[in-house]
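Order-wise, the sequence lines are chains L and G. Heads up: take any position in the first sequence, counting from 1, add 624, and you land on this note's numbering. Heads up: take any position in the second sequence, counting from 1, add 624, and you land on this note's numbering.
Protein chains: 2
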Amino acid sequence: MNADALRGHMDALLLSVLEREPLHGYAIIEALRERSGGALDVPTGTVYPALRRLERAGLLAGEWASDGGRKRRTYRLTDAGRKALAGERSAWRSFTTAIGRVLDPLR
Amino acid sequence: MNADALRGHMDALLLSVLEREPLHGYAIIEALRERSGGALDVPTGTVYPALRRLERAGLLAGEWASDGGRKRRTYRLTDAGRKALAGERSAWRSFTTAIGRVLDPLR
DNA sequence: GTCTATATATAGACAGCCTACATATAGACT
DNA sequence: AGTCTATATGTAGGCTGTCTATATATAGAC
């Protein structure tokens, strides 16, 4: 997976993976890997700053928790995040339709 | 169309639009707009440098031509460009499949 | 003479994803 | 006791491709 290809779609991925239940960063990375069938292996240097960015934007709410001695920061979707996710899904469909028409003009 | 979303997919678009016939930059922009159903309106500041980049990479070959007093630089796919296009199409399918699985896990 | 469409090009800004590194706990294994 | 791996978070700095804004020039309409 080319790195640049993800540009602009990371937010949709993170919001989507948090739709059903709150998760912490490490679990988010695993969820992305599993749900993509192994295609997505996003580095921590991408995910953690992105989560902070989405939190600053009000789309996620993070909270510290402890599992034994380990500290985790668990993120959940806010109401604004849920709305943003709907927008991201819509934008994704428009995007793939537009690019698809150019790449496969016969269909 | 969010600008960042295009990152990493511009090459595929340019190569694809040049598959059937050579075109010059301005015509490429119009072809992208038409073939995408109006969704893609790529600025000249994106297209011209990208064409140069693909030419440097050996995927396109550019040649100056004249239509009356106007100078045009017409680009055609090289053999390497044709192979690259096949790779881009394959990568596009993998990409949309992976992201699609995350965004719509029910399907 | 002006305006619009056609046509190419560059400089600099911007943003986000990446690599590499730093830190720390838990548990398995030797 | 020491090492290794998995779990867990985070930052600094680099990279690169897209965009905005600007510059230049011809053709044709009005």
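Beta carbons are placed, not taken as given, at the ideal position from N, Cα and C, and that holds for glycine. Everything numeric in this text was worked out from a predicted model, so none of it was measured.
Contact list for residue i against chain L, beta-carbon separation under 9 Å
i: residue 715 of chain G; result: 625, 626 and 629
i: residue 661 of chain G; result: 721, 722 and 725
i: residue 675 of chain G; result: By Cβ distance, chain L contributes nothing, its closest Cβ being about 16 Å from residue 675 of chain G, past 9 Å.
In DSSP terms, what residue i is bridged to
i: residue 699 of chain G; result: G/647 and G/686
i: residue 725 of chain L; result: Per DSSP, none; premise fails for residue 725 of chain L.
i: residue 665 of chain L; result: In DSSP, residue 665 of chain L forms no bridge with anything.
i: residue 694 of chain G; result: G/691
Three-state secondary structure (DSSP) of residue i
i: residue 631 of chain G; result: coil
i: residue 681 of chain L; result: coil
i: residue 642 of chain G; result: coil
i: residue 709 of chain G; result: helix
i: residue 660 of chain G; result: coil
i: residue 675 of chain L; result: helix
i: residue 730 of chain L; result: coil
Proximal residues of chain L, C-beta to C-beta of residue i below 7 Å
i: residue 727 of chain G; result: 636, 640, 713 and 716
i: residue 678 of chain G; result: The premise fails here: residue 678 of chain G is roughly 14 Å from chain L at the closest Cβ pair, so nothing lies under 7 Å.
Chain L contact residues for residue i, given Cβ-Cβ distances below 8 Å
i: residue 652 of chain G; result: Within chain L, no residue comes near residue 652 of chain G; the closest Cβ sits about 11 Å away, beyond 8 Å.
i: residue 648 of chain G; result: The premise fails here: residue 648 of chain G is roughly 18 Å from chain L at the closest Cβ pair, so nothing lies under 8 Å.
Contact set between residue i and chain G, taken where Cβ atoms lie within less than 7 Å
i: residue 632 of chain L; result: 626, 628, 629 and 631
i: residue 656 of chain L; result: 726
i: residue 684 of chain L; result: Neighbours of residue 684 of chain L on chain G: none; closest Cβ ~16 Å, over 7 Å.
i: residue 701 of chain L; result: Within chain G, no residue comes near residue 701 of chain L; the closest Cβ sits about 14 Å away, beyond 7 Å.
Residue i versus residue j - alpha carbon distance
i: residue 686 of chain G; j: residue 671 of chain G; result: 14 Å
i: residue 705 of chain L; j: residue 636 of chain L; result: 10 Å
i: residue 630 of chain L; j: residue 718 of chain L; result: 16 Å
i: residue 666 of chain L; j: residue 651 of chain L; result: 12 Å
i: residue 722 of chain L; j: residue 691 of chain G; result: 31 Å
i: residue 626 of chain L; j: residue 634 of chain G; result: 13 Å
i: residue 597 of chain L; j: residue 693 of chain L; result: Absent from the model: residue 597 of chain L. The displayed extent of chain L is 625 to 731, so no value can be given.
i: residue 720 of chain G; j: residue 689 of chain L; result: 35 Å
i: residue 735 of chain G; j: residue 679 of chain G; result: Because chain G here runs from 625 to 731, residue 735 of chain G falls outside it and cannot be looked at.
i: residue 669 of chain G; j: residue 653 of chain G; result: 11 Å
i: residue 697 of chain G; j: residue 684 of chain G; result: 12 Å
i: residue 681 of chain G; j: residue 628 of chain L; result: 17 Å
The ligand COA heavy atom lying under 8 Å from the CB of residue i
i: residue 635 of chain G; result: The ligand content of the structure shown is nil, which means the ligand COA is not present either.
Beta-carbon neighbours of residue i, restricted to chain G and to distances below 9 Å
i: residue 730 of chain L; result: The premise fails here: residue 730 of chain L is roughly 11 Å from chain G at the closest Cβ pair, so nothing lies under 9 Å.
(message) For the pair the segment 708-718 of chain G and the segment 638-652 of chain G, tell me if three or more CB-CB distances fall below 8 Å.
(response) Between the segment 708-718 of chain G and the segment 638-652 of chain G there are three or more C-beta pairs closer than 8 Å, enough to call the two in contact.
(request) For the segment 696-707 of chain G and the segment 646-653 of chain G, state whether three or more C-beta atom pairs, one from each stretch, are separated by less than 8 Å. (result) Put simply, the segment 696-707 of chain G touches the segment 646-653 of chain G. At least three CB pairs are less than 8 Å apart.
(message) Closer than 8 Å is the cut-off here; do at least three beta carbon pairs connect the segment 667-682 of chain G with the segment 717-731 of chain L?
(response) Under the 8 Å Cβ criterion, the segment 667-682 of chain G does not count as touching the segment 717-731 of chain L, having fewer than three qualifying pairs.
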